[in-house]
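To start, the structure itself, in structure tokens.
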Amino acid sequence: MHPQFGQLMKNATALTRAGDLQAAMAAITEALERSAAPVRPSPPLDDAVIDVEARVIEEGMPAAAPEVSANSQFVSGHYTHRAGVRDYRLFIPPAQADKPRALVLMLHGCTQNPDDFAKGTRMNALGAEYNALVLYPAQARQANAQGCWNWFKHNHQGRNRGEPALLTAMVQHIAASHGVDAKHIFVAGLSAGGAMAAILADTHPDVFAAAGVHSGLAAGAARDLPGALAAMQGRSSPTPSDKAKSGVRMIVFHGDADATVHPSNADQVAATHGCTAVSVDEQQGLQRGGRFCRRRLHKDAQGQVVTEQWLVRGAGHAWSGGDPSGSYADARGPDASAEMMRFFFER
-2 MHPQFGQLMK
8 NATALTRAGD
18 LQAAMAAITE
28 ALERSAAPVR
38 PSPPLDDAVI
48 DVEARVIEEG
58 MPAAAPEVSA
68 NSQFVSGHYT
78 HRAGVRDYRL
88 FIPPAQADKP
98 RALVLMLHGC
108 TQNPDDFAKG
118 TRMNALGAEY
128 NALVLYPAQA
138 RQANAQGCWN
148 WFKHNHQGRN
158 RGEPALLTAM
168 VQHIAASHGV
178 DAKHIFVAGL
188 SAGGAMAAIL
198 ADTHPDVFAA
208 AGVHSGLAAG
218 AARDLPGALA
228 AMQGRSSPTP
238 SDKAKSGVRM
248 IVFHGDADAT
258 VHPSNADQVA
268 ATHGCTAVSV
278 DEQQGLQRGG
288 RFCRRRLHKD
298 AQGQVVTEQW
308 LVRGAGHAWS
318 GGDPSGSYAD
328 ARGPDASAEM
338 MRFFFER
């Protein structure tokens, strides 16, 4: 990180509060240009990144496609909707007659792409194990110059418009085309993708049975750029809709050394989707993948876990237990992908 990064971001925040958004954007751009590094290869714990549209990062070489097991397919496609057109990658494992056909929607973070995200999370291998298709939409650069899902824009936070409508329609189309069991559709994401996953759980609880949010933010955390900056710094109080109380199960991961999205956002995600919880079991001192962790299990009156929350000690803004050949993936810590799939299929 450039030594003046913190001061430049403070200047941007002050300008935002003063209402001078143009000058604030210029300050953010200057800060990020000084601290930017190529996405590929990227350090596993690069925290000098802001996950909003103002982010300026040089693009590196495209990620190589992840390896695919025998009899599986990793295909490319595109989907057209009234809210826009998006390319995607779809992992299709061989069907297992003794397991329901499932689907996991995986939403990448800023500057990432489907191949990169698939490699960093290793979710395809788990898809083959669980008889699950894995769908990786690609954010269009026309929609966001840095490839971020627009979680912080009010017109992308409702059920029937914007990216939530587009992504859900894409999921339903793929699910219908491949015989997916409607009770086994899940969503997960990293950073901006994690924030959008939380929004989808909020807007479409009738579609997604459970969600995973890694280094993300709660639905309703921001409605514009100034709000996004405040939320990422841990200075927001989300105002989720009543749909957030619908009972969508949630698993949350966050590193306590995340300097991009403040760890307090994980508490807000858990609180938003743990509204039916009446008790919390806390496990301290867990050790997974060379890192200590704290795990909280938020349970309802029947003793069922409605929200599972992991805080990973010493981890930054990266997918825990991932493949570091993908960007923003940390080989250390609990295997977030495996824990998410375990959580999704527990019921």
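Taking the numbering used here, the leading residue of the sequence shown gets -2, the next gets one more, and so forth. Beta carbons: idealized from backbone N, C-alpha and C, even for Gly.
As computed with DSSP, P260 is found in no beta bridge at all. For T165, the uninterrupted alpha helix (DSSP H) run begins and ends at 159 to 174, by DSSP. In this structure, F342 is the residue among A225, F342, A62 with its C-alpha nearest to the C-alpha of F205. Counting C-beta atoms within 10 angstroms of its own C-beta, Q299 has fewer than 16 neighbours from the protein chains shown and is therefore classed as exposed.
DSSP places T304 inside the beta strand (DSSP E), whose first and last residues are 302 to 309. By the CB criterion at 8 angstroms, F183 and A208 fall inside the cutoff. Around the beta carbon of N157, a 10 Å sphere encloses fewer than 16 other beta carbons of the protein chains shown; the residue is thus reported as exposed. The C-alpha of N141 lies about 26 angstroms from the C-alpha of N121. Around the beta carbon of Q284, fewer than 16 other beta carbons sit within 10 angstroms, so the residue counts as exposed. In the pairwise beta carbon analysis, the region 318 to 333 is classified as not touching the region 220 to 235: fewer than three pairs are separated by under 8 angstroms.
The region 55 to 125 contains, as complete alpha helix (DSSP H) runs of 4+ residues, the segments 111 to 118 (chain order). The C-alpha of G287 lies about 25 angstroms from the C-alpha of M247. In this structure, V249 places its C-beta atom within 8 angstroms of the C-beta atom of A267. Pairwise C-beta distances place the region 124 to 141 in contact with the region 82 to 93, as three or more of them are shorter than 8 angstroms.
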